Amino acid sequence: MTSTEPTIEPIPAHDTSGWVVFAATVTFFLAAANLLYGITLLAGDDWIVITPEQLVRFNSTAVGTIYLLFGVFQLVVGFAILRGAFWSRLVGIAGAGLNALAQMAFLSAYPTWSLIIMVVDLLVIYALAVHGDEVTAR
(Lines of atoms letter the chains of each structure in order from A and count residues from 1; the text may use other names and numbers.)
(Lines give C-alpha, C1' and ligand atoms only; values in the text may rest on other atoms or scores of the structure.)
Protein backbone atom coordinates (compact mmCIF):
# COMPACT_ATOMS: atom_id res chain seq x y z
CA MET A 1 0.00 0.00 0.00
CA THR A 2 1.32 3.35 -0.92
CA SER A 3 0.33 6.43 0.94
CA THR A 4 0.26 9.71 -0.75
CA GLU A 5 0.65 12.77 1.31
CA PRO A 6 -1.88 15.47 0.65
CA THR A 7 -0.54 18.46 -1.14
CA ILE A 8 -1.32 21.85 0.21
CA GLU A 9 -2.08 24.35 -2.47
CA PRO A 10 -1.38 27.98 -1.68
CA ILE A 11 -4.42 30.18 -1.52
CA PRO A 12 -4.28 32.61 -4.42
CA ALA A 13 -4.03 36.28 -3.54
CA HIS A 14 -7.15 38.20 -4.41
CA ASP A 15 -7.23 41.73 -5.67
CA THR A 16 -10.28 42.46 -3.56
CA SER A 17 -11.92 41.31 -0.37
CA GLY A 18 -15.67 41.21 0.14
CA TRP A 19 -15.41 43.14 3.40
CA VAL A 20 -13.20 45.80 1.85
CA VAL A 21 -15.53 46.21 -1.13
CA PHE A 22 -18.39 46.49 1.39
CA ALA A 23 -16.48 49.19 3.30
CA ALA A 24 -15.74 51.14 0.12
CA THR A 25 -19.34 50.85 -1.10
CA VAL A 26 -20.74 52.00 2.22
CA THR A 27 -18.22 54.86 2.23
CA PHE A 28 -19.59 55.92 -1.16
CA PHE A 29 -23.17 55.84 0.17
CA LEU A 30 -22.18 57.78 3.28
CA ALA A 31 -20.40 60.30 1.07
CA ALA A 32 -23.54 60.70 -1.05
CA ALA A 33 -25.65 61.19 2.09
CA ASN A 34 -23.23 63.75 3.48
CA LEU A 35 -23.15 65.59 0.15
CA LEU A 36 -26.94 65.63 0.16
CA TYR A 37 -27.00 66.87 3.76
CA GLY A 38 -24.53 69.61 2.81
CA ILE A 39 -26.55 70.74 -0.20
CA THR A 40 -29.75 70.70 1.86
CA LEU A 41 -28.15 72.76 4.61
CA LEU A 42 -26.71 75.29 2.17
CA ALA A 43 -30.05 75.64 0.39
CA GLY A 44 -31.87 76.82 3.52
CA ASP A 45 -31.18 79.63 5.95
CA ASP A 46 -31.63 77.53 9.06
CA TRP A 47 -32.05 73.86 9.59
CA ILE A 48 -34.19 73.29 12.61
CA VAL A 49 -35.17 69.94 14.07
CA ILE A 50 -38.09 70.12 16.47
CA THR A 51 -38.74 67.25 18.84
CA PRO A 52 -41.09 67.10 21.81
CA GLU A 53 -38.10 67.24 24.17
CA GLN A 54 -35.86 69.83 22.55
CA LEU A 55 -35.01 72.17 19.73
CA VAL A 56 -31.72 71.75 17.91
CA ARG A 57 -30.52 74.69 15.82
CA PHE A 58 -27.50 74.77 13.51
CA ASN A 59 -25.83 77.44 11.44
CA SER A 60 -26.71 75.93 8.08
CA THR A 61 -23.90 77.56 6.10
CA ALA A 62 -21.09 76.35 8.36
CA VAL A 63 -22.50 72.87 8.93
CA GLY A 64 -23.46 72.52 5.24
CA THR A 65 -19.94 73.40 4.13
CA ILE A 66 -18.47 70.90 6.59
CA TYR A 67 -20.79 68.16 5.32
CA LEU A 68 -19.93 68.95 1.68
CA LEU A 69 -16.19 68.86 2.31
CA PHE A 70 -16.49 65.68 4.34
CA GLY A 71 -18.58 64.06 1.58
CA VAL A 72 -16.01 64.89 -1.11
CA PHE A 73 -13.24 63.60 1.13
CA GLN A 74 -15.18 60.36 1.71
CA LEU A 75 -15.44 59.83 -2.05
CA VAL A 76 -11.66 60.11 -2.38
CA VAL A 77 -11.14 57.73 0.54
CA GLY A 78 -13.64 55.23 -0.94
CA PHE A 79 -11.71 55.04 -4.21
CA ALA A 80 -8.41 54.73 -2.33
CA ILE A 81 -9.84 51.88 -0.24
CA LEU A 82 -10.66 49.98 -3.43
CA ARG A 83 -7.12 50.57 -4.67
CA GLY A 84 -5.67 49.11 -1.47
CA ALA A 85 -3.91 52.22 -0.18
CA PHE A 86 -2.85 51.76 3.43
CA TRP A 87 -3.53 55.38 4.36
CA SER A 88 -7.14 55.01 3.19
CA ARG A 89 -7.74 52.27 5.76
CA LEU A 90 -6.62 54.55 8.57
CA VAL A 91 -8.54 57.54 7.27
CA GLY A 92 -11.59 55.36 6.57
CA ILE A 93 -11.59 54.08 10.14
CA ALA A 94 -11.24 57.61 11.50
CA GLY A 95 -13.93 58.94 9.12
CA ALA A 96 -16.40 56.22 10.03
CA GLY A 97 -15.72 56.89 13.70
CA LEU A 98 -16.30 60.62 13.26
CA ASN A 99 -19.47 59.94 11.29
CA ALA A 100 -20.76 57.69 14.08
CA LEU A 101 -20.03 60.42 16.63
CA ALA A 102 -21.76 63.02 14.44
CA GLN A 103 -24.87 60.85 14.39
CA MET A 104 -25.09 61.21 18.15
CA ALA A 105 -26.09 64.84 17.61
CA PHE A 106 -29.19 63.62 15.78
CA LEU A 107 -29.97 60.70 18.09
CA SER A 108 -32.81 62.45 19.91
CA ALA A 109 -34.40 63.72 16.69
CA TYR A 110 -33.92 60.64 14.47
CA PRO A 111 -33.13 57.71 16.79
CA THR A 112 -33.72 54.84 14.36
CA TRP A 113 -31.85 56.43 11.46
CA SER A 114 -28.96 57.51 13.68
CA LEU A 115 -28.60 54.04 15.19
CA ILE A 116 -28.64 52.40 11.74
CA ILE A 117 -25.91 54.73 10.48
CA MET A 118 -23.87 54.16 13.64
CA VAL A 119 -24.06 50.37 13.21
CA VAL A 120 -23.06 50.67 9.55
CA ASP A 121 -20.13 52.89 10.56
CA LEU A 122 -19.03 50.23 13.05
CA LEU A 123 -19.19 47.58 10.31
CA VAL A 124 -16.97 49.76 8.11
CA ILE A 125 -14.49 50.11 10.99
CA TYR A 126 -14.51 46.32 11.43
CA ALA A 127 -14.07 45.68 7.71
CA LEU A 128 -11.12 48.04 7.39
CA ALA A 129 -9.44 47.10 10.66
CA VAL A 130 -9.72 43.32 10.32
CA HIS A 131 -9.87 42.71 6.56
CA GLY A 132 -8.26 45.83 5.12
CA ASP A 133 -4.95 44.10 4.41
CA GLU A 134 -6.65 41.54 2.17
CA VAL A 135 -6.57 43.93 -0.78
CA THR A 136 -3.54 44.07 -3.01
CA ALA A 137 -2.26 47.61 -3.44
CA ARG A 138 -2.31 48.66 -7.07
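Numbering follows my numbering, in which position 5 of the sequence shown is assigned residue number -6; successive positions increment by one, without gaps. C-beta: ideal position from N, C-alpha, C; glycine also. Because the structure is a prediction, the values reported are computed rather than measured.
Return the CA-CA distance between residue i and residue j, expressed in angstroms with no decimal places.
i	j	result
Ile106	Ser97	14 Å
Val132	Ala94	No statement about residue 132 is possible, as the shown extent of the chain runs from -10 to 127 and does not include it.
Gln63	Tyr99	23 Å
Tyr26	Thr16	15 Å
Asp122	Val65	19 Å
Arg78	Ile55	22 Å
Ala118	Phe68	17 Å
Ile114	Val61	19 Å
Ala22	Glu(-6)	55 Å
Phe59	Leu24	8 Å
Thr29	Val80	26 Å
Phe138	Gly33	Residue numbering for the chain in the displayed model covers -10 to 127; residue 138 lies beyond these limits and cannot be assessed.
Leu104	Gln92	8 Å
Ile0	Arg72	Because the pLDDT of Ile0 is 46, which lies under 50, any placement of that residue in the model is unreliable, and the question is left without a value.
Leu57	Trp102	20 Å
Leu90	His120	23 Å
Asn88	Leu112	12 Å
Write down the C-beta distance between residue i and residue j rounded to the nearest angstrom, noting that I regard them as a contact closer than 8 Å.
i	j	result
Val31	Ser49	First, the residue type needs correcting, since residue 31 is Leu and not Val in the sequence shown. So it is a contact: roughly 7 Å between Cβ atoms.
Ile70	Ala13	4 Å
Val124	Val52	Contact doesn't hold; Cβ gap of about 33 Å is too wide.
Asp110	Ala85	4 Å
Ala116	Phe18	Contact flag wrong, Cβ pair sits at about 14 Å.
With respect to the alpha helix (DSSP H) encompassing residue i, which residues constitute its N-terminal and C-terminal limits?
i	result
Phe75	75 to 92
Tyr115	100 to 120
Gly53	49 to 72
Leu96	Counting along the chain, Leu96 falls outside any alpha helix (DSSP H), and DSSP gives it neither H nor E.
Gly33	From DSSP, Gly33 is part of no alpha helix (DSSP H); its letter is neither H nor E.
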